[in-house]
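**Student:** Below are the C-alpha cells for one structure; questions will follow.
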Amino acid sequence: MTRLIRFNKPYDVLPQFTDRGSTDSPRATLSDWIDLPGVYPAGRLDRDSEGLMLLTDQGRLQAWISDPQHKMPKTYWVQVEGTPDAAAITALAEGVELKDGLTRPAKARLIAEPEGLWVRNPPIRVRKSVPDSWIELTIREGRNRQVRRMTAAVGHPTLRLIRAAIGAWTLNGLGQGQWEDLEVPNIPGPPRPKHAPNRQAIARRHAREEAEAKQETRASRPKPGKPTSAKAGSTKAGSAKPRKPRKPRKG
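Next up, the structure:
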C-alpha cells in the first residue's frame with residue numbers, strides 16, 4: 001500500500017517543506033503543518049492559493065498526480081471581481097487565449113459561495129462598489145497561474161482561489177490546515193510482456209548458432225593432402241604402358 005496525505009493548505013504557505021528564500025524573513029512551509037518523514041508534494045499550489053494538496057511516499061503516484069500528461073482533473077473555487085455573464089463562462093469552458101496559447105476545454109459554472117468556507121487570513125481586498133461572485137472551474141492542464149490568468153482574460157480578476165478537488169480526492173471534511181493520512185493501492189510500473197525474453201538465453205542461442213555455422217563451413221572445405229592414387233586396374237590418361245602380345249599356345 002502507498003501513503004497518501006490530503007492537506008488543506010492555508011493561504012500564504014509555500015507548497016514545499018523548506019524555504020530557500022531570505023533567512024531574515026522566513027516564510028511558512030509545509031513543515032509547519034505536516035511532520036511526516038518520507039512524503040513529498042504531488043504537484044504545486046501557489047503560496048497565495050488555498051485548498052487541497054496531495055502528498056505521497058511513492059514516486060509513481062506522485063508523477064501520476066502531478067504530470068499534466070495524465071490529465072488529472074483539478075477543480076477550483078474561484079472568487080472573482082464582478083459577475084461573469086454567459087459569454088464569459090462559455091469562454092472559460094471553450095478556451096481562453098493566453099500568452100502561452102489557447103487553454104484546453106474546461107468545465108465552468110457560476111456557483112454560490114461554498115458552504116462551510118473558512119475565513120481567509122488576511123481577508124481579501126474587495127471594492128464595496130463592485131460585487132463579487134464565485135466560479136467553479138475544472139481544468140486538465142498545469143500552466144503557471146493558469147486559473148488567475150483565465151479569469152483575468154475574460155474581465156474578472158481572481159480575488160481568492162481555492163482548490164477543491166484533484167481527481168476523486170476532495171476537501172471534504174478538512175478544515176483549514178488539517179490533513180488526513182490515507183492508504184491507497186500501489187501504482188504499478190509499466191507492464192512487462194507475459195513472456196519476456198531472457199537476454200542470457202538469447203546470447204547463448206546466438207553463440208550456438210554461430211558455432212554451428214562455423215562447423216558447417218569447415219566441413220564443406222576440401223582437405224589439403226596428397227593426390228588420390230588411381231584405383232587398381234586403371235591407368236592415368238596419357239601414361240598407359242603398351243601391353244605385351246600374348247604368346248600362342250602350343251599344340
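So for the sequence shown, full-length UniProt numbering puts the first residue at 1; every next one is plus one. Ideal placement from N, C-alpha and C gives every residue a C-beta, glycine not left out.
Looking only at its chain, what residues have a beta carbon closer than 7 Å to the beta carbon of A28, apart from the 5 residues adjacent to it on each side?
**Tutor:** Excluding sequence neighbours, A28 sits near D12, V13 and L14.
**Student:** Excluding the 5 residues flanking R44 on each side, which residues of the same chain have their C-beta closer than 7 Å to its C-beta?
**Tutor:** Correct list, in chain order: P15.
**Student:** Using C-beta distances below 7 Å, list every residue in its chain close to S66, excluding the 5 sequence neighbours before and after it, in chain order.
**Tutor:** Answer for S66: A42 and G43, listed in chain order.
**Student:** With a floor of 4 residues, list each alpha helix (DSSP H) that falls wholly inside the stretch 51-135, ordered by position along the chain.
**Tutor:** 59-66 and 86-94, all fully within the stretch 51-135.
**Student:** Can you have a look at S229 and say buried or exposed, based on whether 16 or more other CB atoms are within 10 angstroms of its CB?
**Tutor:** With a pLDDT of 47 at S229, under the threshold of 50, the modelled position of this residue cannot be trusted; read the value that follows with caution. By the 10 Å Cβ count, S229 comes out exposed.
**Student:** Comparing C-alpha positions only, which one of R3, D48 and L61 sits nearest to L36?
**Tutor:** Selected option, being the one with the closest Cα: R3.
**Student:** Between T138 and T75, how many whole angstroms is the CB-CB distance? I'm expecting something under 8 Å.
**Tutor:** That belief holds up - the Cβ atoms of T138 and T75 are roughly 5 Å apart, short of 8 Å.
**Student:** Which value, in whole angstroms, describes the spacing of the CA atoms of K128 and I187?
**Tutor:** Their Cα atoms are separated by approximately 49 Å.
**Student:** Smallest Cα separation from E141: which of Q69, D46, E94 and I111?
**Tutor:** Nearest C-alpha to E141: Q69.
**Student:** My understanding is that L171 touches G51, with C-beta atoms under 8 Å, so please give their C-beta distance in whole angstroms.
**Tutor:** Contact flag correct, Cβ pair sits at about 6 Å.
**Student:** If you pair each beta-carbon of the stretch 146-153 with each one of the stretch 93-103, do three or more pairs fall below 8 Å?
**Tutor:** Counting Cβ pairs under 8 Å, three or more are found: they touch.
**Student:** Check whether the Cβ atoms of R160 and I124 sit closer than 8 Å, and answer yes or no.
**Tutor:** In contact: R160 and I124 (Cβ atoms closer than 8 Å).
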